[in-house]
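Counting from 1 along the sequence shown, just add 133 to a position and that's the residue number in the numbering used here.
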Amino acid sequence: MRWAGQKEWGFSTGARTILAAACCYVSLVGCAPERAVLAAPAGGESGAGLAEACQTLLPQSPGSAVSLVEARLVTPSAAGREYCKITAARIDSGLKFNVWLPTRDWNSKLAFIGGGGFDGVLLDEKFELVFSPSVLDDGYAIASTNGGYDKPASLNPLTYFKAEFAADPEARADFMYRSEQRALPHIKQLVEGFYGSGPRFSYFEGCSMGGHDALLLAQREPEAFDGIIARAPAGNVVGLFMQFNRIAAHMRNTDSALNTDQQAHLARAVLARCDAMDGLADGIIARPEACDFEPASLACGSSSHPHCLAPEQVALVEHITTPMALGAEAIVHPGFHFGGEDLTAGWGQYIWPGLLGYTVQGLFSDGFIRSFVAQDQNFDTASWEPERWLDQLQEIAGQFNATDPDLGALHDRGAKLILWNGTLDSSVSPRDTVNYYRAVVETMGVERADETLELFLAPGVGHCRGGPGPDRVDLMEALSMWVEQDTPPSRQARVLTRRDEAGEIQATLPLCKFPAYPRYRGEGDPALAGSYSCHED
Numbered sequence: 134m135r136w137a138g139q140k141e142w143g144f145s146t147g148a149r150t151i152l153a154a155a156c157c158y159v160s161l162v163g164c165a166p167e168r169a170v171l172a173a174p175a176g177g178e179s180g181a182g183l184a185e186a187c188q189t190l191l192p193q194s195p196g197s198a199v200s201l202v203e204a205r206l207v208t209p210s211a212a213g214r215e216y217c218k219i220t221a222a223r224i225d226s227g228l229k230f231n232v233w234l235p236t237r238d239w240n241s242k243l244a245f246i247g248g249g250g251f252d253g254v255l256l257d258e259k260f261e262l263v264f265s266p267s268v269l270d271d272g273y274a275i276a277s278t279n280g281g282y283d284k285p286a287s288l289n290p291l292t293y294f295k296a297e298f299a300a301d302p303e304a305r306a307d308f309m310y311r312s313e314q315r316a317l318p319h320i321k322q323l324v325e326g327f328y329g330s331g332p333r334f335s336y337f338e339g340c341s342m343g344g345h346d347a348l349l350l351a352q353r354e355p356e357a358f359d360g361i362i363a364r365a366p367a368g369n370v371v372g373l374f375m376q377f378n379r380i381a382a383h384m385r386n387t388d389s390a391l392n393t394d395q396q397a398h399l400a401r402a403v404l405a406r407c408d409a410m411d412g413l414a415d416g417i418i419a420r421p422e423a424c425d426f427e428p429a430s431l432a433c434g435s436s437s438h439p440h441c442l443a444p445e446q447v448a449l450v451e452h453i454t455t456p457m458a459l460g461a462e463a464i465v466h467p468g469f470h471f472g473g474e475d476l477t478a479g480w481g482q483y484i485w486p487g488l489l490g491y492t493v494q495g496l497f498s499d500g501f502i503r504s505f506v507a508q509d510q511n512f513d514t515a516s517w518e519p520e521r522w523l524d525q526l527q528e529i530a531g532q533f534n535a536t537d538p539d540l541g542a543l544h545d546r547g548a549k550l551i552l553w554n555g556t557l558d559s560s561v562s563p564r565d566t567v568n569y570y571r572a573v574v575e576t577m578g579v580e581r582a583d584e585t586l587e588l589f590l591a592p593g594v595g596h597c598r599g600g601p602g603p604d605r606v607d608l609m610e611a612l613s614m615w616v617e618q619d620t621p622p623s624r625q626a627r628v629l630t631r632r633d634e635a636g637e638i639q640a641t642l643p644l645c646k647f648p649a650y651p652r653y654r655g656e657g658d659p660a661l662a663g664s665y666s667c668h669e670d
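Okay, here's the thing in structure tokens:
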């Protein structure tokens, strides 16, 4: 066996094997795979050899399903280690993917990181979409895709929300349901070509649209990963966009957005009613599903009075917090929880007007309606009548939604799924995530479901992160312990953590498996997880 990086035919063995790996996608190309000859990195000369292999990669040979765009050594400050960063593209679409390969101390695992929003970007050196620190600390090979297309660097935010890429059928299909599936074989071949062996364990973690992709993989590609983490998973994505439209259209048509004083008054009234239900009045509602606040209790005749709401504003709050159904429940959404009505990380993040008077929910739903449903950038969304488009919505949902509760295939191969959601999330409703979890339990039975998935809610946390509640938890570490040691997260005594800008811990809460929630014991420091128990009513 040659040592890593030994020269052959004018270029390194590492470069040769990586090119062969990228070349061989069985169903699409005609070249035969070449077995990798590199040893896994163990530090010292092996690590240096792998670094050399990365630096001497050659352009992709003709005939492959993918082309190598870039291969270079990087040492991101966010990670504190050196990677061989490889970017590649499929030649039949705009799909790109990148792989970050540690040149030393690889842990023999792959962490595939999902994207977000309307995608269009790859994971960069800031690693902002890496929610579990162990992905960087423990030496994972890391991968991501661009969701099927490249967002132009000069694209302004309002244009991004138009989702104009969806006019291309290939980009549309990649984005909706197949980008990870199409990239994964190439990624695993690159990993094997670089190290001489493939990953022993492959994991996926994503939030928001990345959480949607996580559910899609669990349901449609159960053989792809050993474990999957779906944070704030937009599985019911068509229902989500229709709820966005319901709220934004009412606000736009009735000019019923609450001003900041009214938002604060609503938030105080909700907390007065529901905050102490978890045993502690601390500004965080840990039992939002039990909150029975009635918006009509704030009704008056003025739309600008700081301490009451006009009828159209009461109706808006009811639209936000109550279920929506189209076409005899063909398209549904459960509405959002009360809580965080005056917080940027709560309702302020997606519901209230912000950028140039637009709401993020309205921008997303308008882009979805124009680009995915009407397929007309000039379509007047102000005249949108969803019931008239029900056939198209159902057809899109059949491809785009990730709501199948039958995880039998995932269970049968022993793979695991972790669901997580912040209770203040005004993008992906935690009610939606709870409903999916309950549907899985009903479909599979309690025992088989418990062997396959667990759900955790983070009180006082917004979309993916942020909010007054502790929002940090290393779910990749928890997942790997479940898969590799057969210890589910609910038996690992894990905690949610809130840190300040300097990284200092400010508060902790126990990570409670749903339907349990953290209930204050009645004594002890409210900022410490030990002062709470995971309580089930």
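Just so you know, even glycine gets a beta-carbon here, dropped at the ideal spot from N, CA and C. Model, not experiment: these values are computed from the prediction.
query: Pull up the distance between the alpha-carbon of alanine 572 and that of aspartate 539, whole angstroms please.; result: 9 Å
query: What three-state label does DSSP hand leucine 413 in the structure shown?; result: coil
query: Taking only runs of the beta strand (DSSP E) that begin and end inside the stretch 316 to 342, which ones reach a length of at least 3 residues, in chain order?; result: 334 to 341
query: In three-state terms, what does DSSP make of proline 302?; result: helix
query: Does the Cβ-Cβ distance between valine 324 and leucine 442 come in under 8 Å?; result: no
query: Considering just the uninterrupted stretch of the beta strand (DSSP E) at alanine 640, what are its terminal residues?; result: 638 to 643
query: Run the CB neighbour count on glutamine 352, radius 10 Å, all protein chains shown included, and call it buried at 16 or more, exposed below.; result: buried
query: If the criterion is Cβ atoms closer than 8 Å, does the pair valine 561 and glycine 472 meet it?; result: no
query: Alanine 548 and aspartate 346 look like a contact to me (Cβ under 8 Å); what is the Cβ gap, rounded to whole Å?; result: 15 Å between Cβ atoms; not a contact.
query: With DSSP as the reference, label arginine 652 as helix, strand or coil.; result: strand
query: What residue from Asn240, Ile224, Gly272 and Ile219 has the CA that sits closest to leucine 681's CA?; result: The first residue shown for the chain is 134 and the last is 670, placing residue 681 beyond what the model contains.
query: Quick check: the stretch 389 to 401 against the stretch 512 to 524, are at least 3 beta-carbon pairs closer than 8 Å?; result: no
query: Cβ of alanine 429 within 8 Å of Cβ of valine 447?; result: yes
query: Do you know offhand how far alanine 363's Cα is from alanine 635's?; result: 28 Å
query: Leaving aside the five residues before and after cysteine 667 along the sequence, list all residues of the same chain whose C-beta is less than 6 Å from its C-beta, in chain order.; result: Pro643, Cys645 and Ala649
query: Looking at the secondary structure, which residues open and close the alpha helix (DSSP H) in which methionine 309 lies?; result: It is not in any alpha helix (DSSP H) - methionine 309 carries neither H nor E in the DSSP assignment.
query: Where does glycine 344 land, buried or exposed, given buried means 16+ other C-beta within 10 angstroms?; result: buried
query: Decide yes or no for the touch test of the stretch 494 to 504 against the stretch 313 to 323: beta carbon pairs closer than 8 Å, at least 3 of them.; result: no
query: Grouping DSSP H, G and I as helix and E and B as strand, with all else coil, what is histidine 438?; result: coil
query: Please identify the residue among Ala304, Pro651 and Ala222 whose C-alpha is closest to the C-alpha of glycine 593.; result: Pro651
query: Can you give me the Cβ contacts of leucine 543 inside the same chain, cut-off strictly under 7 Å, excluding the 5 residues immediately before and after it?; result: Ala351, Pro355, Leu550 and Thr585
query: Using a Cβ-Cβ cut-off of 8 Å (strictly less than) and excluding sequence neighbours within five positions of arginine 385, which residues of its own chain qualify?; result: Gly495 and Ala515
query: Could you check which residue in Pro603, Val207 and Gly657 has the C-alpha nearest to that of glutamate 637?; result: Pro603
query: Evaluate the contact criterion for the stretch 371 to 378 versus the stretch 280 to 288: three or more CB pairs, one atom per stretch, below 8 Å.; result: no
query: Can you list, in chain order, the residues of its chain with a C-beta nearer than 8 Å to that of threonine 556? Leave out the 5 residues immediately preceding and following it.; result: Ile418, Ala419, Pro421, His470, Gly472, Pro563, Leu590, Ala591, Pro592, Gly593, Val594 and Gly602
query: Excluding the 5 residues preceding and the 5 following glycine 600 in the sequence, name in chain order all residues of the same chain whose CB lies nearer than 6 Å to its CB.; result: Ala478, Leu557, Gly593 and Val594
query: According to the neighbour-count rule (16 or more other Cβ atoms, all chains shown, within 10 Å of its Cβ), is proline 290 buried or exposed?; result: exposed
query: Need the endpoints of the alpha helix (DSSP H) that serine 200 sits in, please.; result: That residue, serine 200, is in no alpha helix (DSSP H); its beta strand (DSSP E) goes 199 to 207.
query: Tell me the DSSP secondary structure of threonine 620 in three-state form.; result: coil
query: Given that a residue counts as buried once 16 or more other Cβ atoms are within 10 Å of its Cβ, and exposed if not, what is threonine 292?; result: exposed
query: Report the option in Phe377, Leu183, Gly655 and Tyr216 whose CA atom is closest to the CA atom of tryptophan 480.; result: Phe377
query: Determine the extent of the beta strand (DSSP E) in which serine 498 is found, giving its start and end residues.; result: Careful: serine 498 lies outside any beta strand (DSSP E), inside the alpha helix (DSSP H) at 493 to 501.
query: Any idea what DSSP makes of tryptophan 615, helix, strand or coil?; result: helix
query: So for threonine 585, helix, strand or coil by DSSP?; result: coil
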